[in-house]
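**Student:**
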Amino acid sequence: QATGSWSCLLVELLLFFSMSGFVGSAFDGVRHDCVIGKSASQCARRFVYESRKRQRADVQLLAMGAIDSVESSAVQKETRGENHGSTLKNDLILRAARGEHVERTPVWLFRQAGRHLPEYQAYKQQTNKNFLQLLADPVDVAEVTMQPVRRYDVDAAILFSDILVIPQAMGLAVEMPGGKGITVPHPIQTPDDLDARLKLRIDVHAELGYVLDSVREIKKQLDGKVPLIGFSATPWTLLFYIVGANSRSDPVDNAGTQWLRKYPHAASKLLDSLTDIVSEYLVAQVDAGADLLQLFEAMGGYIGEDLFEEFALPCVRRVVANVKAARPNVSLMAFARGKCADKQLLQLRDAGCDVV
């Protein structure tokens with residue numbers, strides 16, 4: 022737990038590095054499952070308040086955080102949104118993503134699970150639903166998405182969902198046993214398994230229609246207050262989970278990299294399928310109302326540079342090209358983590374992503 026003086030020290034360190042230009046996404050230093058209740062909220066509020074107060078005008082920092090009861094000093098220019106004719110009262114993050122000069126740093130919650138919010142815990146208890154059950158109901162998704170928007174003065178909402186909804190839509194069982202996070206209990210193990218158990222072509226509007234309905238409901242409830250961020254994992258990150266790897270796997274020799282080496286043709290077939298599905302899914306989110314998109318290369322730290330450049334990076338290039346061709350006015354953010362993240366972020370930028 023980060024409490025008391027440790028919270029203050031953490032905030033000061035985050036501020037030092039972010040103001041020095043070393044980091045661009047700063048508040049993920051406190052894990053949602055490690056800090057709960059008041060101390061997490063206080064730490065979040067202070068980080069965002071201080072970062073806004075102290076930030077250098079020449080640093081374009083896109084940070085993650087939260088703020089409560091601090092009035093924004095931003096000039097919130099009203100703009101006509103692309104989706105459904107809604108009027109955006111705060112388009113700060115969209116202008117920053119387009120590379121325009123902005124009056125301050127946009128702030129948003131990087132990942133939206135809501136676990137640090139008392140109202141989220143109360144809502145789960147009230148509905149008697151687990152995480153996966155909440156994701157399946159657009160009413161629940163909209164409520165959980167809106168909770169931090171009501172509490173904090175963020176510059177964007179982010180869709181309450183999970184990257185593994187795509188494997189689930191392809192026919193793979195996804196579970197969430199207590200204390201272990203979301204898992205794939207019966208992964209794809211061989212190329213024969215791939216053909217027999219996984220749908221390589223899906224209709225995203227049918228199989229993931231509940232997510233798209235959630236986006237529409239969120240946009241109604243936002244009523245133009247802030248933009249909505251939609252997201253997906255990249256094809257490599259999805260393959261990583263589909264074949265049985267997870268965050269506890271070996272960073273070099275894991276089920277994902279073993280598939281790339283042992284079954285290169287089958288791996289390429291799966292990656293091609295995932296590239297098409299991710300592209301169509303992201304475009305569908307924009308059509309449903311998402312104003313900005315994020316690609317998670319969350320498992321970029323579990324693949325070597327050579328394999329990343331041979332298998333993973335071409336898929337990202339194709340996803341970005343597909344989305345940009347279909348919806349040229351939407352900006353894409355990219356996230357990578359792990360030992361190769363610095364190089365991968367540059368590669369993702371060069372692949373066409375607007376924000377890293």
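Under our numbering, think of the first position of the sequence shown as 22, with each following residue one higher. Cβ coordinates follow ideal geometry from the N, Cα and C atoms, glycine included.
Tell me whether Gly-310 sits in a helix, a strand or coil according to DSSP, three-state version.
**Tutor:** Numbered from 1 along the sequence shown, position 289 holds the residue referred to as residue 310. If DSSP states are grouped into helix, strand and coil, Gly-310 belongs with coil.
**Student:** Which residue's Cα is closest to the Cα of Arg-218: His-207, His-226, Val-225, Asp-224?
**Tutor:** Walking along the sequence shown from the start, residue 218 turns up at place 197. Looking at the Cα atoms, His-207 is the closest of the given residues.
**Student:** Who are the near neighbours of Tyr-302 in its chain, counting only those whose CB is closer than 7 Å to its CB and skipping five residues on each side?
**Tutor:** Counting from one through the sequence shown, the residue named residue 302 turns up at place 281. Only Ile-187, Val-225, Leu-229, Ser-253 meet the Cβ criterion.
**Student:** Hey, would you say Asp-158 sits closer than 9 Å to Leu-233, going by beta carbons?
**Tutor:** The residue given as residue 158 occupies position 137 in the sequence shown. The residue given as residue 233 occupies position 212 in the sequence shown. Not in contact: Asp-158 and Leu-233 (Cβ atoms no closer than 9 Å).
**Student:** Which same chain residues, not among the five before or five after Met-354, have their C-beta less than 6 Å away from its C-beta?
**Tutor:** As a working note, residue 354 is residue 333 in the sequence shown. Gln-315, Val-376.
**Student:** Do Asp-312 and Ala-117 have their C-beta atoms within less than 9 Å of each other?
**Tutor:** Walking along the sequence shown from the start, residue 312 turns up at place 291. Walking along the sequence shown from the start, residue 117 turns up at place 96. Cβ distance not < 9 Å, so Asp-312 and Ala-117 don't count as in contact.
**Student:** Candidates Val-123, Gln-368, Ile-179, Leu-243: which alpha carbon is nearest Phe-329's?
**Tutor:** Residue mapping note: residue 329 aligns to position 308 of the sequence shown, counting from 1. Ranking the options by Cα distance to Phe-329, first place goes to Gln-368.
**Student:** Is there contact between the segment 329-338 and the segment 285-304, where contact requires at least three CB pairs shorter than 8 Å?
**Tutor:** Output reads yes: the segment 285-304 touches the segment 329-338.
**Student:** Which same chain residues end up closer than 7 Å to Val-304 when comparing Cβ atoms and leaving out the 5 residues on each side of it in sequence?
**Tutor:** Locating residue 304 in the sequence shown gives position 283, counting from the first residue. If we look at Val-304 and ignore the five residues flanking it on each side, its Cβ neighbours are Val-344, Ala-347, Arg-348.
**Student:** Quick one: what's got a C-beta closer than 6 Å to Gln-365's C-beta in the same chain, skipping five residues either side?
**Tutor:** Reading the sequence shown from its first residue, position 344 is the one you call residue 365. Closer than 6 Å at Cβ, skipping near neighbours: Gly-321, Ala-357.
**Student:** What residues in its chain sit with their C-beta under 7 Å from that of Leu-248, if we drop five residues either side in the sequence?
**Tutor:** Sequence index remark: in the sequence shown, residue 248 carries index 227 (1-based). Before going on, a small fix: residue 248 reads as Pro here, not Leu. The answer, listed in chain order, is Leu-109, Asp-112, Ile-114, Leu-115, Ala-177, Asp-312, Leu-313.
**Student:** With a floor of 4 residues, list each alpha helix (DSSP H) that falls wholly inside the segment 248-335, ordered by position along the chain.
**Tutor:** Whole alpha helix (DSSP H) segments, 4+ residues: 256-263, 276-283, 285-309.
**Student:** I'd like the list of long-range same chain contacts for Pro-212, defined as Cβ closer than 6 Å, with 5 residues on each side in sequence excluded.
**Tutor:** Position 191 of the sequence shown holds residue 212. Tyr-284, Ala-287, listed in sequence order.
**Student:** On the DSSP bridge list, what partners appear for Val-376?
**Tutor:** Working through the sequence shown from its first residue, we reach residue 376 at position 355. Paired residues: Met-354.
**Student:** Quick one: what does DSSP say Ile-184 is sitting in, helix, strand or coil?
**Tutor:** For the purposes of this step, residue 184 is taken as residue 163 along the sequence shown, with counting starting at 1. Note: Ile-184 maps to coil in three-state DSSP.
**Student:** In its own chain, which residues sit with a C-beta less than 6 Å from the C-beta of Met-167, not counting the 5 before and 5 after it?
**Tutor:** Position 146 of the sequence shown, counted from the first residue, corresponds to residue 167. Contacts found: Gln-242.
**Student:** For Glu-318, count neighbouring Cβ atoms within 10 angstroms of its own Cβ and tell me buried if that reaches 16, exposed if not.
**Tutor:** For this step, residue 318 is matched to residue 297 along the sequence shown. Per the 10 Å Cβ criterion, buried.
**Student:** Would you tell me roughly how many angstroms separate the C-alpha atoms of Tyr-262 and Val-205, rounded to the nearest one?
**Tutor:** Numbered from its first residue, the sequence shown carries residue 262 at position 241. Numbered from its first residue, the sequence shown carries residue 205 at position 184. C-alpha separation (whole angstroms): 7 Å.
**Student:** Going by other Cβ atoms of all chains shown within 10 Å of its Cβ, with 16 needed for buried, is Arg-52 buried or exposed?
**Tutor:** Along the sequence shown, one-based indexing puts residue 52 at 31. Caution is warranted here: a pLDDT of 30 is assigned to Arg-52, below 50, making its placement in the model unreliable, and no coordinate value can be reported.
**Student:** Can you give me the start and stop residues for the alpha helix (DSSP H) that Thr-148 sits inside?
**Tutor:** As a working mapping, residue 148 is identified with position 127 in the sequence shown. First-last of the alpha helix (DSSP H) with Thr-148: 139-148.
**Student:** In the DSSP assignment, what residue or residues form a beta bridge with Ala-178?
**Tutor:** Looking up residue 178 in the sequence shown gives position 157. In DSSP, Ala-178 forms a bridge with Leu-249.
**Student:** Does the Cβ-Cβ distance between Tyr-383 and Thr-278 come in under 9 Å?
**Tutor:** The requested residue 383 does not occur in the structure, where the chain is confined to residues 22 to 377.
**Student:** With DSSP collapsed to three states, give me the class of Leu-115.
**Tutor:** Locating residue 115 in the sequence shown gives position 94, counting from the first residue. Residue state, collapsed to three classes: helix.
**Student:** Distance check for Leu-156 and Tyr-231, CA to CA, integer angstroms please.
**Tutor:** What you label residue 231 is simply residue 210 of the sequence shown in a count that begins at 1. What you label residue 156 is simply residue 135 of the sequence shown in a count that begins at 1. Their Cα atoms are separated by approximately 9 Å.
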